[in-house]
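Student: Questions regarding the structure given below will be posed in turn.
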Amino acid sequence: MVPIQMVDLKRQYLKIKAEIDKAVVDVMDNTSFINGLAVTNFTSKLSAYLGIEHVIPCANGTDALQIAMMALDLQPGDEVITPSFTYIATTEVMALLRLKPVFVDVDPNSFNINTDAIRKAITNKTKAIVPVHLYGQSANMEEIMHIANEFGLYVIEDNAQAIGASITFSDGSVHKTGTLGHFGCTSFFPSKNLGAFGDGGAIFTRDAALAEKAKMIANHGQSKRYYHDLVGCNSRLDSMQAAVLNVKIDHLDEYNEARQLAAAYYSNAFAENRHIQTPTIAKGNTHVFHQYTLKLDGVDRNELVNYLGEQKIPAMIYYPVPAHRQKMFSFLNLPEVNLPVTDWLTERVFSLPMHTELDQEQLEFITTHVLNFINK
Ligand SMILES: *Cc1c(COP(=O)(O)O)cnc(C)c1O
79 MVPIQMVDLK RQYLKIKAEI DKAVVDVMDN TSFINGLAVT NFTSKLSAYL GIEHVIPCAN
139 GTDALQIAMM ALDLQPGDEV ITPSFTYIAT TEVMALLRLK PVFVDVDPNS FNINTDAIRK
199 AITNKTKAIV PVHLYGQSAN MEEIMHIANE FGLYVIEDNA QAIGASITFS DGSVHKTGTL
259 GHFGCTSFFP SKNLGAFGDG GAIFTRDAAL AEKAKMIANH GQSKRYYHDL VGCNSRLDSM
319 QAAVLNVKID HLDEYNEARQ LAAAYYSNAF AENRHIQTPT IAKGNTHVFH QYTLKLDGVD
379 RNELVNYLGE QKIPAMIYYP VPAHRQKMFS FLNLPEVNLP VTDWLTERVF SLPMHTELDQ
439 EQLEFITTHV LNFINK
């Protein structure tokens, strides 16, 4: 059996090696390392894929979130409603900009932001909502956009884990995640569903003026060289990464389907087990399984991880500490924050290997060992 990895980037690369190698060598031949043709080509391909007018490439997903918040002119002290149950980058940039993250609870089944909790958290200082499409499934964007319109709030979607996922609204319209808010942000970190061979990120928007502003901010606040109108930063997707992404974006749907097949195998194998709750897919959602995350009930999670480790099966906890309990936010004085579902999930979530190259033999080996431990 091929050794099992949490993410197997090597086998994925080998299948498209000739194409990738040529694309990278082309960049070297042209020495167009910064803002070369590869960047322009990838940007238009991504824009066509998502069906959104403006795509601004940048250096990573964290920068994408920061630039979006800067482009919306959010000011120190402005409140931003966001889940605590997410990767730290989502909320770290808020602290960096001296915004106030207002952490709300998530839904225990979708793992995504609870929309009733959003309504309850709104004050006259609230300026924006930052939902995260966690593990590859859309948050309830229909309701979130409804709330945002009702209260005049901005929405920035953290789409780092869900590129290619979609959501169906009650009127039957289908939307790709990241295209509904004022901004959508994504990451091309190697292990993401659309991963580069290094860091990368992008911001999407339908609004031409916001796009222009985000583009300026990512480029030292300039639209004309050496004339700097805004305080910005230096955040670029380099041409090498764009060249890799240009090849990989053509495989994105196929990659997401491979993840869905692996997820279906897992969910089927665990369907009848009372100690395991498999991921639920909300009606109308296409889940792209950035992670395959279970909830365990009555199982010693650390012992399970150790047991699987002995069988050379990697497993992870995403995430062991929610944002509101991180020391970095101690300056916010948050003792009153009570997020029971977030805390409950933090104790129970458990993620199995998930990538595009998992084969039947590996999946059978993984599920057999998980069940061996749980049923012993
Ligand atoms: C990966 C990730 C990010 C940050 O992306 P980087 O490219 O690593 O900066 C932000 N939010 C979420 C939810 C992520 O998973």
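Numbering (the numbering used here), first residue to last: 79 to 454. No residue lacks a Cβ here, since even glycine has one placed at the ideal position from N, Cα and C.
#1: Got a sec? Which residues, its chain only, sit under 7 angstroms from residue 334 by beta carbon, not counting five neighbours each side?
#2: How would you write the range of the alpha helix (DSSP H) that residue 91 sits in, first residue to last?
#3: Between 346, 416, 206 and 322, which lies nearest to residue 117 when the distance is taken from Cα to Cα?
#4: Does ligand 1 have a heavy atom nearer than 6 angstroms to the CB of residue 267?
#5: Just how far apart, CA to CA, sit residue 306 and residue 315?
#6: Compute the minimum distance between the beta carbon of residue 271 and the heavy atoms of ligand 1, and state whether it is under 6 angstroms.
#7: With 16 as the cutoff for other CB atoms within 10 Å, does residue 304 come out buried or exposed?
#8: How many Å lie between residue 235 and residue 454 at the Cα?
#9: For ligand 1, I want to know if residue 160 counts as a neighbour, meaning its beta carbon is within less than 6 angstroms of at least one of the ligand's heavy atoms.
#10: Compute the Euclidean distance between the alpha carbons of residue 215 and residue 329, then round it to the nearest angstrom.
#11: What number of angstroms, rounded off, separates the C-alpha of residue 452 from the C-alpha of residue 353?
#12: Report yes if the C-beta of residue 165 is less than 6 angstroms from at least one heavy atom of ligand 1; otherwise report no.
#13: In the DSSP assignment, the alpha helix (DSSP H) including residue 345 goes from what residue to what residue?
#14: Since residue 180 contacts residue 161 with CB under 8 angstroms, what's their CB separation in whole angstroms?
#15: Who are the Cβ neighbours of residue 325 in its own chain at under 8 angstroms, not counting the five residues just before and after it?
#16: Check whether the region 272 to 286 and the region 120 to 136 touch, using three or more Cβ-Cβ pairs below 8 angstroms as the test.
#17: Quick one, are the C-beta atoms of residue 237 and residue 262 less than 7 angstroms apart?
#18: Can you give the Cα-Cα distance for residue 361 and residue 187, rounded to whole angstroms?
#19: Between residue 152 and residue 205, which are expected to be in contact by the criterion C-beta below 8 angstroms, what is the C-beta distance as a whole number of angstroms?
#20: Assuming the contact rule is C-beta atoms closer than 8 angstroms, residue 317 and residue 139 should be a hit. Round their C-beta distance to whole Å, please.
#21: Taking one C-beta from the region 427 to 439 and one from the region 376 to 395 each time, how about it: are there three or more such pairs within less than 8 angstroms?
#22: To the nearest angstrom, how far is it from the Cα of residue 81 to the Cα of residue 343?
#23: DSSP beta-bridge partners for residue 370?
#24: Under 6 angstroms from any heavy atom of ligand 1, does the C-beta of residue 236 make it?
#25: Can you look up residue 298 in the DSSP assignment and give me helix, strand or coil?
#26: Alpha carbon to alpha carbon, what distance is there between residue 432 and residue 163?
#27: Along the chain, where does the beta strand (DSSP E) containing residue 204 start, and where does it finish?
#28: So which of 218, 320, 423 and 289 has the shortest CA-CA distance to residue 273?
#29: Please report the straight-line C-alpha distance between residue 380 and residue 372, rounded to a whole angstrom.
#30: Between which residues of its own chain and residue 434 is the CB-CB distance below 7 angstroms, once the five residues before and five after are set aside?
#31: Could you give the distance in angstroms between the alpha-carbon of residue 252 and the alpha-carbon of residue 233?
Tutor: This is what the structure holds:
#1: 242, 271 and 366
#2: Its alpha helix (DSSP H) spans residues 87 to 93.
#3: 322
#4: yes
#5: 20 angstroms
#6: Look at residue 271: its beta carbon is at least 6 angstroms from all of the heavy atoms in ligand 1.
#7: exposed
#8: 42 angstroms
#9: no
#10: 19 angstroms
#11: 7 angstroms
#12: yes
#13: 330 to 348
#14: About 10 angstroms separates the two Cβ atoms, so there is no contact after all.
#15: 94, 97, 98 and 101
#16: yes
#17: yes
#18: 12 angstroms
#19: 6 angstroms
#20: At roughly 19 angstroms, the Cβ-Cβ gap does not stay under 8 angstroms, so residue 317 and residue 139 are not in contact.
#21: yes
#22: 18 angstroms
#23: 430
#24: yes
#25: Looking at residue 298 - three-state DSSP - the assignment turns out to be coil, as it is neither helix nor strand.
#26: 20 angstroms
#27: 204 to 207
#28: 320
#29: The straight-line gap from Cα to Cα measures roughly 14 angstroms.
#30: The residues are 90, 333, 336 and 337.
#31: 18 angstroms
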